[in-house]
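Participant:
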Amino acid sequence: MKTILQLKTMSRNFGGLMAVNNVSFDVAEGEIFGLIGPNGAGKTTLFNLMTGLTPVSSGELHYCGELLTGLPPHKIAAKGIGRTFQNIRLFKGLSAVENVKIARHIKTSSGLWSSIISTPSCRTEEKCADEKAWEILRLVGLSDRGTELAENFSYGEQRRLEIARALALEPALLLLDEPAAGMNSSEKHELTGFIRQIRDQFKLTVLLIEHHVPLVMNLCDRIAVLNFGELITVGNPADVQKNTAVIEAYLGGE
Amino acid sequence: MEEFLQNSGFLIVTMVQQSLLAMSLYYPLMAGQLSLASPGFYALGGYTAAIIGTHEFFTPLRESIGWLAFPLEWLVAGVLSAILALIVGIPALRLRGIYLALATIAFVEILRVLCLNLTITGGAIGIFDVPQLFESRWSYIWIFGPLLVMMLFFSYRLEKSRTGRAFQAIREDELAADSMGINPTRYKVLAFVIGAVLAGIVGAMSAPFLNTWNARQGTFDASIAYLAYVLIGGSRSIWGPLLGGAMLSALPEVLRPLKDSRLIINGLVLVFASIYMPKGIAGVISRLKRSLTWKSRKNGGEA
Amino acid sequence: MKRVAIAAISLLAVATVAQAELVGKPIPIGIGVAQTSNVALLGEEEVNGAKIAEKYFNDNGGINGTPFKLIFQDTGGDEAGAINSFQNLMNRDKVVGIVGPTLSQQAFSADPIANRAKVPVIGPSNTAKGIPQIGEYVGRVSAPVAVVAPNAVKQALKEHPNIKKVAVLYAQNDAFNTSESGTFQETVKKMGLQIATIQKFQTTDTDFTTQVTAVLGANVDLAIVSGLSADGGNLVKQLRQLGYKGPIIGGNGLNTVNIFPVCGQYCDGILIAQAYSPSADPKNAINNALVKAYRDKYKKDPPQFTAQTFTAVQVFVEALKKVEAATKKKITQMELAKVREELNKQIRVGTYITPLGKISLDHEGEIHQENFYVAKIKMNPDNKTGKYIYVK
Amino acid sequence: MALLELENLSINYGAIQALRKLSLEVHQGEIVTLIGANGAGKSTTLRGISRLLGLKEGKIRFDGKDITSAPPHAVVKMGIAHSPEGRQVLARQSVEDNLLLGAYVRNDKSSIHEDLLRMYRLFPRLRERKDQSAGTLSGGEQQMLAIARALMSRPRLLLLDEPSLGLAPLIVLEIFSIIRALNEAGTTILLVEQNARLAMQHSHRTYLLEAGQISFSGPSKELLQDERVLHAYLGG
Amino acid sequence: MGTAQFIQNFLNGISIGSVYAIFALGYTLVFSILGIINFAHGAVFTLGAYFTYTLTVGQFGINGLLAGLTIDNHLPFYLAIIIGSTLAGLVGVLLERLAFKPLRSRGGDQLLALVSSLGVALVLVNAIQYLVGAEIYTFPAEVYGTMKPAIMFKVGEQPVVIRTVQVIIFAVCMFVLAILGFLISRTRIGKALQAVAENQATASLLGINVDRIILFTFFLSGFLGGMAGTLVGTSFGIAGPYFGVTYGLKGLAVIVLGGLGSIPGAVLGGMVIGLAEAFVPADYSAYKEAVAFAFLFIILLLRPQGLLGRPMIQKV
């Protein structure tokens with residue numbers, strides 16, 4: 013399988029603290045790749061490095077053979093990497109459909125003036141963006157609440173809306189930061205199916221951070237385990253589960 | 008009617024003018040940027056108009072184009088404001104929140120001291136005898152009014168446009184917007200420039216309206232006043248600055264019969280308005296509207 | 081419904097046109113000066129002068145027996161406020177004429193509006209160049225600085241013939257002081273003296289150590305200060321406290337008893353160019369009346385702005401009398417527009433004996449004042465009060 | 002009678018319901034553990050008890066007294082100390098100042114000093130660094146400081162939020178042995194932990210939280226053996 | 084510039100700088116606790132000066148409601164400045180209760196605090212004018228006792244002169260700063276204040292009554308503002324109700340320069356701006372007014388956290 017994402021000795025320190033230390037691994041096109049580790053292991057920092065929100069201290073990130081390190085977040089997003097956030101960063105004061113439409117930014121092009129005088133091409137584009145947004149909302153099952161403000165959504169709905177927003181970028185790579193946080197068992201179960209579904213439907217590669225071990229084991233093709241900023245192991249779920257270093261670090265020593 | 012316009016015409020036009028200035032602060036705020044630079048651009052615009060209108064260097068130009076000198080003044084003021092906004096905005100907009108506000112206040116004050124010292128701006132006295140577009144103050148509604156309508160239309164279209172959505176996204180969450188492919192710097196600067204150009208044009212229109220122009224026109228006090236307009240009016244829709252600018256600029260005049268204590272009352276109104284109308288006048292109106300439609304729906308259901 | 085409204089409006093319009101307005105009784109005269117904002121410091125002096133004038137002239141029979149009343153509208157410190165105040169006075173209060181506004185900058189903004197509405201305006205404190213030229217309805221009783229200032233320099237030279245180097249200091253954010261200082265600088269150059277340093281400050285400044293240090297460093301023989309009472313007084317005080325020994329000339333802005341408490345003992349000896357002196361002419365009856373009324377009420381001598389505002393009201397009162405004489409009609413039986421027009425004509429005719437001495441307004445509205453004064457401040461032993469001793 | 006009693010506690014963050022009618026009790030002398038996934042509402046429960054968060058509904062009783070509407074500082078005075086998640090030491094102040102601020106509600110100067118010495122005995126590392134500003138401490142040291150600071154108020158009930166967060170295994174064990182020692186000395190403890198196995202091994206009873214509700218509860222020893230818990234949480 | 088000139092400028096600079104410092108401290112204290120700028124601080128400065136004037140001189144002028152009123156019970160100046168500043172501190176407390184607390188408890192936009200404090204400033208300034216007019220009030224020369232008006236010494240051949248008032252102001256400011264430093268870093272309430280400034284939630288978990296600390300902060304802020312106002316007032320007179328506005332504006336530059344919310348930063352910022360103004364060459368005195376703002380603008384672009392502030396870390 014083709015490698016879509018390649019991390020090469022990526023590191024980041026915050027004033028002496030190595031939040032991410034010399035991490036390297038590859039992600040293949042089309043796989044669902046899990047990233048696990050205890051709180052504070054550096055998982056979210058790694059996501060921030062990949063999406064340009066935090067500059068790397070050293071190391072390289074290649075995406076489809078292209079060097080991404082040093083690019084600002086919006087350029088990385090434009091390359092086709094979408095993400096969600098651990099603490100849910102929706103545009104809370106805007107409606108659900110507006111949230112999704114905003115992510116159509118890079119797929120549209122009308123400038124200020126053509127919007128003000130409302131040129132035909134601009135109107136067509138606007139209509140397309142609108143349709144696309146509703147379509148994605150339908151897909152995540154939120155189309156009946158599309159005009160409501162995002163802040164009025166429940167936890168699970170906000171997580172789904174965030175995924176919808178990321179999908180509107182039409183990414184090839186989707187980074188999900190703890191998508192199941194705050195969900196109950198049945199919601200988590202649904203989520204598993206949903207992630208598989210969008211992977212297939214959008215031909216996505218999915219990289220996800222998750223604490224809920226059963227979900228990760230069940231869903232992911234491969235898993236990387238981080239502890240104290242360092243990569244402990246990468247492998248398929250069965251192998252990872254047996255790895256003593258992982259059990260020690262993550263599940264707690266016997 | 009005639010008499011009413013004679014008497015209150017100036018005030019009404021002032022209300023429109025102040026609404027426009029409040030709007031000039033609203034555009035950066037739409038993109039989440041608290042910029043208080045408007046008075047600086049307002050002053051710049053006013054000086055542009057006053058200098059083109061009175062300086063002997065421009066006499067041949069004025070004589071050859073006649074009344075067209077006025078739209079030319081607006082154009083030049085707009086262009087100069089845009090250029091200055093780019094120069095100031097690109098470095099300053101890296102700052103956030105109150106820091107940006109303070110940097111823009113500093114910009115306004117530096118510009119003021121500069122204007123106080125230059126010969127071309129007429130020093131402390133400023134520039135007077137600015138050529139008039141209309142005889143009566145009331146008639147100035149024919150320039151400020153259309154500008155207001157244009158800006159309302161502009162805002163209406165902007166809010167529903169790709170650019171407007173980018174502004175809103177940055178206001179809601181700059182990092183998330185960045186991660187969604189929106190270049191924050193570009194749109195923040197754009198919003199800042201739109202506000203600056205508007206303030207510059209309003210300034211250029213105001214120099215004839217006020218007959219004179221001097222360094223007292225763009226000050227820190229004005230910065231804060233415009234901020235109050237937007238916040239008391241409501242910062243979430245274009246109607247906020249419109250209502251806030253109009254009502255707050257009229258307030259001291261409405262309170263005129265109170266004589267000595269009018270500004271005390273004015274201050275109390277500001278305090279109470281910020282406490283009891285946290286979403287501004289526009290917020291109160293939309294709440295009223297919602298409760299009215301809700302009631303009528305309920306009544307309809309019963310019937 | 082709509083038709084009714086239209087009818088009502090047209091009726092109203094007709095009514096206003098048809099019913100030519102008469103002048104109200106008592107005859108309203110407008111005072112549009114700064115009663116709020118940071119300009120109120122000056123405006124309050126003007127309000128006091130106007131109030132004394134109102135009582136004084138009404139007690140003396142008003143306008144040939146008809147009383148007049150002053151209507152005060154606050155201009156605040158800005159241009160828009162001045163216009164609003166003037167509009168209110170002209171249209172709502174239907175005054176025959178307006179005294180105001182306080183600042184020259186405000187005058188440039190509001191006076192053209194009164195001029196277009198053909199309402200006579202007399203500026204009590206607008207000294208900038210170009211004010212009377214705003215229009216035929218605009219005049220002033222505040223002498224432009226160019227005429228007042230040079231006298232003081234001459235006096236200083238008379239007292240200290242050895243003066244060579246001069247320091248000039250002025251408040252650069254104030255129109256009056258900027259132009260006054262320009263006049264001082266020209267005068268100094270014309271007299272063959274050397275300007276060793278020019279220092280600028282703000283009327284809002286409180287600390288002048290930078291400027292004073294520079295003046296002391298330049299070793300000058302004369303310091304000329306153009307400022308308002310608070311800043312100018314402080315500057316003088318700091319000059320003296322830091323050891324400047326030479327003569328000091330104060331501009332017209334320092335011509336107020338309000339500086340006595342500011343510079344205290346250090347006020348002593350300042351030469352002041354005056355457009356008004358409370359004590360120069362003991363035979364000036366009207367000035368004596370003003371000074372007495374002011375002292376009775378406020379326990380001190382009236383400042384210049386008070387006297388100038390008093391004078392402005394006086395000019396209106398006397399001109400109104402002349403209107404009655406010329407038209408042989410009572411003002412209150414005449415149309416307002418007519419009164420304003422006649423009043424403006426009469427203002428510019430003849431001379432007035434005022435607290436400022438003998439003055440007249442020329443056809444442009446510019447004041448011609450017979451006497452300017454140079455006074456020297458003499459502080460009383462308590463160092464809080466003092467006198468302007470007339471020296472010329 | 003329970004020392005702490007939560008009855009039908011609901012807490013909202015905006016439109017999100019973080020806790021739904023949660024009830025639990027903690028008895029005098031116990032260590033009780035709350036486990037659950039991220040976002041299940043563990044920290045929210047503690048923040049609700051220490052009154053940092055407003056309640057939507059429900060009652061909190063401490064020692065028989067209703068503290069539902071008490072402000073946070075009053076709750077501390079009544080004997081509940083909270084060592085918050087992410088350590089939250091006052092980074093700009095010295096270690097010793099942090100500890101002394103922990104005793105802010107107490108007035109007995111001499112016994113405060115005694116307690117300070119006790120903390121230094123308990124956490125010798127803190128004594129070595131007592132004049133350093135707390136922000137310069139390592140993660141484990143900060144965690145010790147946060148616990149020590151909470152103890153300085155001489156609480157009857159200690160709320161501990163994720164004491165093992167981001168710590169190396171050896172330090173985690175050290176901290177848990179201290180927790181045990183504190184409990185044996187008489188402090189009642191309500192513990193939130195993501196290192197579930199470890200926490201359960203060190204506690205008397207456990208509540209498992211899922212999406213703002215309690216899904217299992219019981220003596221820790223039993224839950225550790227419970228297939229359902231293992232499956233739901235530990236993925237075993 | 085000769086040595087004497089340098090020393091002269093330096094002395095002038097630190098004297099005015101020390102006033103900027105204690106004034107700005109009031110700003111920065113409130114900012115450190117609440118993260119807002121209190122626009123009414125300039126008005127409290129003015130008010131403090133009027134309070135002390137009332138207590139020492141008690142003689143009102145010719146305008147306003149209290150025109151002509153004379154109070155015969157004169158307090159000695161040093162007592163009056165303490166009581167006057169305390170009264171200003173109480174105004175600060177009132178300000179918090181009437182304009183800031185209601186906003187906080189209603190969860191309003193933080194920016195609204197700017198507007199409501201602006202409203203309070205408008206009320207205070209105009210109320211002063213309503214009561215005592217816009218005229219100038221000056222303290223009698225003897226407020227500090229009978230001393231020579233200026234101190235002179237020589238550096239080489241060149242004389243250096245400094246007004247006694249400047250020296251006293253500097254000394255009083257340093258004294259106040261020392262007490263404040265002790266209060267904040269050594270006392271229980273000071274430590275509580277620092278804790279609240281760092282993290283309100285954590286502070287309340289330690290049993291600190293955050294609300295009361297906020298009130299105390301406003302009291303301190305008002306006290307320092309009032310004291311600065313009085314000191315400037317004794318040196319230069321009280322130039323009307325708008326007297327504090329320039330200081331209010333310059334104070335902003337001072338606290339940003341030093342670092343918003345940083346207490347030593349406010350002191351350093353005050354000194355730097357005081358000195359910078361003093362060293363403006365005589366020929367450019369017209370631009371002195373812009374110096375503080377040029378500093379403000381440049382520091383914001385180069386080092387937005389200010390000289391002694393901590394960098395702002397944005398959480399992702």
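Chains as they are written, first to last, in this note's numbering: chain A, 13 to 266; chain Y, 8 to 310; chain C, 81 to 472; chain X, 2 to 237; chain G, 84 to 399. Every residue gets a Cβ at the ideal spot worked out from N, C-alpha and C, and that includes glycine. It should be emphasised that the depicted structure is a prediction, and the values quoted were computed from it without experimental measurement.
Got a sec: is the Cβ-Cβ distance from D267 of chain Y to anything in chain G below 7 Å?
Facilitator: Yes, its Cβ sits closer than 7 Å to a Cβ of chain G.
Participant: Using the C-alpha atoms, what's the distance from L416 of chain C back to I478 of chain C?
Facilitator: The structure shown does not extend to residue 478 of chain C, since chain C is modelled only from 81 to 472, so the question has no answer here.
Participant: Near F396 of chain C, what residues of its chain come up, given a Cβ to Cβ distance below 6 Å and the 5 sequence neighbours on each side ignored?
Facilitator: Once the five neighbours on either side are set aside, the close Cβ partners of F396 of chain C are I109, G177.
Participant: By the criterion of Cβ-Cβ separation under 7 Å, what are the contact partners of Y325 of chain G in chain C?
Facilitator: Chain C residues near Y325 of chain G: N118.
Participant: Does A160 of chain C get closer than 7 Å to chain Y when you measure Cβ to Cβ?
Facilitator: With 7 Å as the cut-off, A160 of chain C counts as an interface residue toward chain Y.
Participant: Could you pull the start and end residues of the beta strand (DSSP E) that S189 of chain C belongs to?
Facilitator: Here S189 of chain C belongs to no beta strand (DSSP E); instead the alpha helix (DSSP H) covers 184 to 196.
Participant: Checking contacts by CB at 7 Å: is N121 of chain G closer than that to chain Y?
Facilitator: So, not an interface residue.
Participant: Note down, in chain order, each residue of its chain lying with its Cβ closer than 6 Å to the Cβ of P387 of chain G, except the 5 sequence neighbours on either side.
Facilitator: Closer than 6 Å at the Cβ level, and outside the excluded window around P387 of chain G, lies no residue.
Participant: Output the distance between the C-alpha atoms of R181 of chain X and N164 of chain A, rounded to the nearest integer angstrom.
Facilitator: Going from the Cα of R181 of chain X to the Cα of N164 of chain A covers about 43 Å.
Participant: Is I86 of chain C close to chain Y, meaning its C-beta is less than 7 Å from at least one C-beta of that chain?
Facilitator: The predicted model places I86 of chain C with a pLDDT of 49, which falls under 50 and marks its position as unreliable; any figure quoted below should be read in that light. False, the Cβ-Cβ gap to chain Y never drops below 7 Å.
Participant: Does chain E have any CB closer than 7 Å to the CB of E228 of chain X?
Facilitator: Chain labels in this structure do not include chain E; the protein chains are A, Y, C, X and G.
Participant: Looking at the C-beta of A224 of chain A, does it have a partner C-beta in chain X at a distance below 7 Å?
Facilitator: As written in the sequence, residue 224 of chain A is His, which differs from the Ala given in the question. Judged by the 7 Å Cβ criterion, H224 of chain A is in contact with chain X.
Participant: Under 8 Å, with one C-beta from each stretch per pair, do the segment 236 to 254 of chain G and the segment 152 to 168 of chain G reach the 3-pair mark?
Facilitator: No contact exists between the segment 236 to 254 of chain G and the segment 152 to 168 of chain G.
Participant: Measure the Cβ-Cβ separation of A126 of chain G and L201 of chain G and say whether it is below 7 Å.
Facilitator: No.
Participant: Per DSSP, T434 of chain C forms a beta bridge with which residues?
Facilitator: In the DSSP output, where bridge partners are listed per residue, T434 of chain C has C:G437.
Participant: Quick check on the burial criterion: 16 or more other C-beta atoms within 10 angstroms. Buried or exposed for A493 of chain C?
Facilitator: Lying before the first or after the last residue shown, residue 493 of chain C is absent from chain C, which here runs from 81 to 472.
Participant: With H, G and I counted as helix, E and B as strand and the rest as coil, what does DSSP make of T283 of chain C?
Facilitator: T283 of chain C: coil per DSSP, three-state reduction.
Participant: Please check if any C-beta of chain G sits within less than 7 Å of the C-beta of K78 of chain X.
Facilitator: It does; some Cβ of chain G falls within 7 Å.
Participant: Under 7 Å, Cβ to Cβ, is there at least one residue of chain Y near R172 of chain C?
Facilitator: With 7 Å as the cut-off, R172 of chain C counts as an interface residue toward chain Y.
Participant: Considering only residues of the same chain and omitting the five flanking positions on each side of T15 of chain A, which have a CB-CB separation below 8 Å?
Facilitator: D38, V39, A40, E41, listed in sequence order.
Participant: E372 of chain G versus chain Y: which residues are under 7 Å apart at the beta carbon?
Facilitator: What E372 of chain G touches in chain Y: V120.
Participant: Please report the distance separating the alpha-carbon of H114 of chain X from that of L29 of chain A.
Facilitator: Cα-Cα distance, rounded: 33 Å.
Participant: By the three-class DSSP mapping on this structure, what secondary structure does M81 of chain C have?
Facilitator: In this predicted model, M81 of chain C has a pLDDT of only 47, less than 50, meaning its place in the structure is not dependable; the value taken from the coordinates is given anyway. DSSP places M81 of chain C in coil when its eight states are reduced to three.
Participant: Using a C-beta cutoff of 7 Å, does E6 of chain X count as contacting chain A?
Facilitator: Not an interface residue.
Participant: Using the Cα positions of E160 of chain A and Y110 of chain G, report the straight-line distance between them to the nearest angstrom.
Facilitator: For E160 of chain A and Y110 of chain G, the distance between alpha carbons rounds to 41 Å.
Participant: Which term fits H240 of chain C, buried or exposed, when burial requires 16 or more other beta carbons within 10 angstroms of its beta carbon?
Facilitator: H240 of chain C should be labelled exposed.
Participant: Excluding the 5 residues preceding and the 5 following Y220 of chain G in the sequence, name in chain order all residues of the same chain whose CB lies nearer than 6 Å to its CB.
Facilitator: Correct list, in chain order: Y136, I321.
Participant: Is there a C-beta anywhere in chain Y that falls below 7 Å from the one on T207 of chain C?
Facilitator: So, not an interface residue.
Participant: Between H203 of chain X and chain G, is there a C-beta pair that is closer than 7 Å?
Facilitator: Not one chain G Cβ lies under 7 Å of H203 of chain X.
Participant: Do V454 of chain C and A232 of chain C have their C-beta atoms closer together than 7 Å?
Facilitator: Cβ atoms of V454 of chain C and A232 of chain C: closer than 7 Å.
Participant: What does DSSP give as the partner residue(s) for E211 of chain X in the beta ladder?
Facilitator: Its beta-bridge partners are X:Q214.
Participant: For R180 of chain G, go through chain C and note every residue whose CB falls closer than 9 Å to its CB, in chain order.
Facilitator: Those within 9 Å of R180 of chain G in chain C number zero; the least Cβ separation is about 27 Å.
Participant: Are three or more beta carbon pairs between the segment 186 to 205 of chain C and the segment 289 to 296 of chain C nearer than 8 Å?
Facilitator: As far as the Cβ criterion goes, the segment 186 to 205 of chain C does not touch the segment 289 to 296 of chain C, which means the pair count is below three.
Participant: Which word fits N218 of chain Y, buried or exposed, when buried means at least 16 other C-beta atoms lie within 10 angstroms of its C-beta?
Facilitator: Under this definition N218 of chain Y is a buried residue.
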